[in-house]
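At position 124 of the sequence shown the residue is numbered 124 (full-length UniProt numbering), and the sequence of numbers has no breaks. Backbone N, C-alpha and C fix where the C-beta goes; we use that ideal spot for every residue, glycine too.
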Amino acid sequence: MNMTEKILAEAAGLREVTPGEIIEARVDLAMTHDGTSPPTIRTFRDIASRGGPARVWDPERIVMVFDHNVPANTIGAAEFQRVTREFAREQGIVNIFQNAAGICHQVLPERGFVRPGMVIVGADSHTCTYGAFGAFATGMGATDMAMVFATGKTWFMVPEAMRIEVTGKPEGHVYAKDVILHIIGEIGVDGATYRSVEFTGDTIESMDVSGRMTICNMAVEMGAKNGIMEPNRQTLDYVRARTGREFRVYSSDEDSQYLEDHHFDVSDLEPQVACPDDVDNVCPVHRVEGTHIDEAFLGSCTNGRYEDLKIAAEVISDRRVHEDVRFIVSPASREIYLKALEDGIIETFIRAGAIVCNPGCGPCLGAHMGVLAPGEVSIATTNRNFRGRMGDPASSVYLANPAVVAESAIEGVISAPQQEA
1 MNMTEKILAE AAGLREVTPG EIIEARVDLA MTHDGTSPPT IRTFRDIASR
51 GGPARVWDPE RIVMVFDHNV PANTIGAAEF QRVTREFARE QGIVNIFQNA
101 AGICHQVLPE RGFVRPGMVI VGADSHTCTY GAFGAFATGM GATDMAMVFA
151 TGKTWFMVPE AMRIEVTGKP EGHVYAKDVI LHIIGEIGVD GATYRSVEFT
201 GDTIESMDVS GRMTICNMAV EMGAKNGIME PNRQTLDYVR ARTGREFRVY
251 SSDEDSQYLE DHHFDVSDLE PQVACPDDVD NVCPVHRVEG THIDEAFLGS
301 CTNGRYEDLK IAAEVISDRR VHEDVRFIVS PASREIYLKA LEDGIIETFI
351 RAGAIVCNPG CGPCLGAHMG VLAPGEVSIA TTNRNFRGRM GDPASSVYLA
401 NPAVVAESAI EGVISAPQQE A
C-alpha cells in the first residue's frame with residue numbers, strides 16, 4: 001500500500017484497503033473556520049433535533065479558527081463569529097483561535113495539532129496542506145463536518161494514487177510555488193480529480209517545511225483528494241518542537257501501485273505565473289513581463305510564511321513601491337508577524353510603502369483589505385485566480401512566487417527580479 005492507503009486502513013481498523021473501496025474512518029482532528037463553522041453548527045443542531053448527539057464527540061479534537069473575515073468586515077461576518085464563539089463555549093471547545101491568531105492552515109501546524117499519520121478533515125478545501133507533514137488531510141462540506149462533530153467518523157472512497165517525482169535544484173528566484181504551478185500547468189486543474197497525489201524525489205526531500213506546505217496546499221488546485229509527502233528530517237524536527245505527543249510515520253511500499261507516474265526536472269525552471277482565469281493557465285514569467293498591475297498581494301495559506309516574507313523583503317530592500325500599486329502584505333500567523341517584526345522585515349515593507357495587514361485570508365478571497373475594482377489587475381502569492389476571486393468579476397488575478405510579486409510591486413508591471421551576479 002501507499003502512504004495514504006496505510007493511514008486510511010489504520011483509521012478504518014482494516015488490514016488493508018484498495019482504491020474505490022468505501023470505508024468508515026476515525027477522525028483524529030476536525031477544523032472549521034469563521035466562514036464554515038455556522039453552517040456546520042446549524043446542521044449539527046439539526047442532527048441533534050432528530051435524535052442525534054447533542055454534544056460533540058470530542059471537544060479536544062475540534063479546532064476553530066477565525067481567519068476569513070478578521071476583524072469582522074460586515075454585520076453578517078460578526079454574527080457568524082458570535083454564533084461560533086457561543087457554540088464553542090457551550091460545547092467546551094477550547095481550541096478556538098480568534099483575534100488574528102492566523103490562517104487556519106498555518107495555525108494548526110504551528111500549535112502542534114498536526115502530526116504524521118493523522119486523519120484530518122477541515123471545512124476548507126486547502127486542508128490538504130497538512131499532507132506536508134505525512135498526514136491524510138482533506139476538505140469537506142458543512143454537512144459531512146457536522147456528522148464528524150457528532151460521531152468522530154466519516155466515510156471515504158479510497159482514492160486512486162498518482163505519484164509525482166520532482167528532481168533537480170531550482171536556481172535563482174525559483175521556489176516551491178513555481179514548482180507546483182509548473183506541475184499544475186502540465187497536469188491540469190482536473191488532472192488529479194479525487195486522487196491521492198504523492199510528491200517524492202530529491203527536490204521534495206531537500207525542501208523546507210514552508211515549501212512543502214506550499215506544494216501540498218495547491219494539490220487541490222488539480223482536483224486532488226489529498227496531497228501527501230513522507231516527512232523529511234526538517235519536518236519531523238518542526239513537529240517535535242511543537243508537540244510532545246507520539247506519532248507514526250508511514251512510508252509507501254516499494255511495490256505500491258499508482259494509476260499514473262509523473263516526473264518533473266526543475267533544474268532549469270524559471271519563475272512561473274498562472275494567468276487569468278485558471279490556475280493551470282501557466283507560463284514562464286518572461287511571457288507576461290510588462291503587464292500592468294494595480295495591486296500586489298503577499299500572503300495567504302500558500303505563501304504567507306516567514307520564509308516568503310523574507311524573500312520579498314530582500315527583493316524590496318531600500319526601494320519604493322510603485323506609486324500606482326497597492327502592495328498588501330498579510331503574514332499567515334501572529335507568530336510569523338512577530339518574527340518578521342523582530343527581524344526588521346515588517347519595517348522594510350512599511351518604509352517601502354506597503355500596507356501591512358493583520359494575519360488573515362481577507363484579500364485572497366476578495367473579502368476585505370484589498371478588493372479589486374472592475375478592470376483592475378492583481379499579482380498575488382495566493383492559490384486561486386478564478387474570475388471574481390479577489391473582487392469584481394471584471395478584475396484579473398495572476399499568481400506568482402513572493403519574489404516576483406515583490407518585484408512587480410516595485411516596477412508597477414509584472415517583473416522578475418534580476419539574478420544576482
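Cβ-based burial, residue i [other Cβ within 10 Å; buried from 16]
i	result
Gly35	buried
Ala241	exposed
Gln81	buried
Gly227	buried
Gly13	exposed
His368	buried
Ser37	buried
Ala394	exposed
Asp67	buried
Arg50	exposed
Gly92	exposed
Glu411	buried
Pro331	buried
residue 437	Because the chain in this structure spans residues 1 to 421, residue 437 falls outside the shown range and cannot be described.
Phe386	exposed
Ala54	exposed
Per DSSP, cross-strand counterpart(s) of residue i
i	result
Arg260	Reading the sequence as shown, one finds Glu at residue 260 and not Arg. Per DSSP, Met162.
Gln157	Note on identity: in this sequence residue 157 is Met, with Gln being the wrong assignment. Paired residue(s): Ile22.
Phe327	Ala296
Met64	Thr32, Ile96
Ile228	Glu198
Pro284	Gln272
Thr167	Asp265
Leu372	Gly391
Val413	His292
For residue i, three-class secondary structure by DSSP
i	result
Asn358	coil
Tyr398	strand
Ile103	coil
Ala54	coil
Asp265	strand
Cys216	helix
Gly139	strand
Val114	coil
Thr193	coil
residue 433	With the chain running from 1 to 421 in the structure shown, residue 433 is simply not present.
Gly388	coil
Gly366	coil
Gly122	strand
Ser206	coil
Val27	coil
Ser49	helix
Ser408	helix
Ser251	coil
Ser317	coil
Own chain residues within Cβ distance below 8 angstroms of residue i, not counting five before or after
i	result
Gln418	none
Thr381	Lys177, Phe297, Leu298, Gly299, Ser300, Thr302, Asn303, Gly304, Asp308, Leu399, Ala400, Asn401, Pro402, Val405
Beta-carbon proximity list for residue i, same chain, < 6 angstroms, skipping 5 on both sides
i	result
Gly232	The question names Gly, but residue 232 in the sequence shown is Asn. Glu205.
Met30	First, the amino acid is wrong: residue 30 is Ala here, not Met. Taken in chain order, the residues that qualify are Ile62, Val121, Val148.
Ser210	Arg305, Glu307
His263	Glu165
Cys364	Ser300, Thr382
Val329	Leu298, Phe349, Ala354, Val356
Cβ-based neighbour list, residue i, same chain, cut-off 7 angstroms, excluding 5 preceding and 5 following
i	result
Ala146	Thr40, Thr43, Phe44, Ile47
Gly117	Ile7, Gly134, Ala135, Phe247, Arg248, Val249, Tyr250
Ser317	Thr348
Taking one C-beta from the stretch 319-335 and one from the stretch 120-139 each time, how about it: are there three or more such pairs within less than 8 angstroms?
no
Taking one C-beta from the stretch 246-260 and one from the stretch 284-292 each time, how about it: are there three or more such pairs within less than 8 angstroms?
no
Assess, as a yes-or-no matter, whether the stretch 98-117 is touched by the stretch 348-368 under the definition of 3 or more beta carbon pairs within less than 8 angstroms.
yes
Report yes or no: do three or more beta-carbon pairs, one from the stretch 294-312 and one from the stretch 401-420, lie closer than 8 angstroms?
yes
Check whether the stretch 132-148 touches the stretch 163-174, taking contact to mean three or more Cβ pairs, one atom from each stretch, closer than 8 angstroms.
no
Flag this pair as touching only if the stretch 263-272 and the stretch 19-27 have three or more C-beta atom pairs under 8 angstroms; answer yes or no.
no
Does the pairing of the stretch 193-208 with the stretch 216-234 give three or more beta-carbon distances under 8 angstroms?
yes
Evaluate the contact criterion for the stretch 88-97 versus the stretch 295-302: three or more CB pairs, one atom per stretch, below 8 angstroms.
no
Do the stretch 333-348 and the stretch 38-49 meet, that is, are 3 or more Cβ pairs less than 8 angstroms apart?
no
Whether or not the stretch 104-115 and the stretch 57-74 are in contact is what I'm after, with contact meaning three or more pairs of Cβ atoms, one per stretch, closer than 8 angstroms; do they touch?
yes
Determine, using beta-carbon pairs with one atom in the stretch 138-158 and one in the stretch 23-32, whether at least three such pairs fall under 8 angstroms.
yes
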